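Taking it in order: structure first as structure tokens, then the write-up.
Numbering (the working numbering), first residue to last: 19 to 298.
Spelled out as structure tokens, the structure:
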């Protein structure tokens, strides 16, 4: 029954709080970075895993009352829950990399079970990452609760954002800690950065294949607007070069080898009809 599971969640959160306090830390996601030693980090993994197991169980109930939902939110606010999930991912990734390495004699780490349960990567979402980046930009250099490398590592562990990982990492590299940007500023600047990066990438492809940039941009825009790939329009791009049919065929294949990844990325998971023949 839900009330019993809520009581168990309350007890699991209390154990997590006691653990953090025993290590001289407040029970906040940011404080996980301050835990000393792999044994403490491994214990955090196990403590939070129990919290998450019960939270996932409660999420399956479709008949929770408003009062029960409020009780769960009060005991484990969603923002804190999401933050702890991120720290779980990052901490588990680091410990998993160390597992079995020569010189690592920590039995606690060796015995730790590293199953990445359902909540792991799929629920660390875009909004959460944007919030972390905004926090990074607001903190003074040397006093960050999460460093640039930790942000990048969290992205690396997160399959839900893999399509945009390279863009977000490149964007993080342009930021400086202490600039004080808000979440909306971060989000807006990221969208501008992403669009400029895509434009620059397409310009490089156009130059490489001796195609006017405007013509290639128009071709790509047309494909993405209609989600239909037109082979004749592809051939038209090479008309000014006056190539023979064999040379033009080779040129088209070479261009598409560079263009397919860009088209798929910008399509955002939508299928482009007619493109399959050019995919490796």
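We treat Cβ as the ideally placed atom computed from N, Cα and C, and that holds for glycine. Values in this document were obtained by computation on a predicted structure and should not be read as measured data.
For residue 88, the enclosing alpha helix (DSSP H) begins and ends at 84–93. DSSP places residue 246 within a strand segment (E or B) once states are collapsed to three. Residue 290 sits away from residue 237, with the two beta carbons spaced by 9 Å or more. Approximately 5 Å separates the beta-carbon atoms of residue 204 and residue 151; this is inside 8 Å, confirming the contact. Minimum Cα-Cα distance from residue 239 among the listed residues 297, 282 and 185 corresponds to 282. Between residue 187 and residue 149 a beta carbon distance of about 17 Å is seen, past the 8 Å cut, so the two are scored as non-contacting. Judged by beta-carbon spacing, residue 105 lies within the 9 Å limit of residue 50, meaning their Cβ atoms are closer than that value.
No residue range can be given for residue 50, since it is assigned to no alpha helix (DSSP H) and is classified by DSSP as neither H nor E. Of all alpha-carbon atoms in 96, 52 and 194, the one lying nearest the alpha-carbon of residue 38 is that of 52. For residue 206 and residue 218, the gap between their C-alpha atoms comes out near 19 Å. Proximity to residue 77 across 96, 63 and 199 peaks at 96, based on C-alpha coordinates.
The beta carbon of residue 235 sits closer than 7 Å to the beta carbons of 220 from its chain, once the five residues preceding and following it are set aside; these are given in chain order. A residue is called buried once 16 or more other Cβ atoms fall within 10 Å of its Cβ, and residue 107 is buried on that count.
Boundaries of the alpha helix (DSSP H) around residue 192: 183–192. Taking the Cα of residue 284 as reference, the smallest distance to any Cα among 249, 244 and 232 is reached at 244. Just so you know, the alpha carbons of residue 194 and residue 154 end up roughly 8 Å apart.
The beta carbon of residue 269 sits closer than 8 Å to those of 227, 256, 259 and 261, all from its chain and outside the five residues before and after it, given in chain order. Cβ-Cβ distances below 8 Å link residue 75 to 23 in the same chain, with the five nearest sequence neighbours on each side left out; the list follows chain order. If you draw a 10 Å sphere on the C-beta of residue 189, you find 16 or more other C-beta atoms in it, and that means buried.
As the crow flies, the alpha-carbon of residue 26 is around 19 Å from that of residue 84. Under DSSP, residue 155 forms no beta bridge with any residue. In this structure, the alpha-carbon of residue 264 lies about 18 Å from that of residue 295. Of all alpha-carbon atoms in 46, 272, 47 and 81, the one lying nearest the alpha-carbon of residue 19 is that of 81. Residue 88 and residue 280 have their alpha carbons spaced roughly 45 Å apart. One Cα belongs to residue 185, the other to residue 275, and the distance between them is close to 20 Å. Cβ contact annotation for residue 65 (same chain, cutoff 7 Å, sequence separation greater than five): 33, 34 and 37, in chain order.
Comparing C-alpha distances from residue 297 to each of 287, 278 and 288 shows the shortest one belongs to 278.
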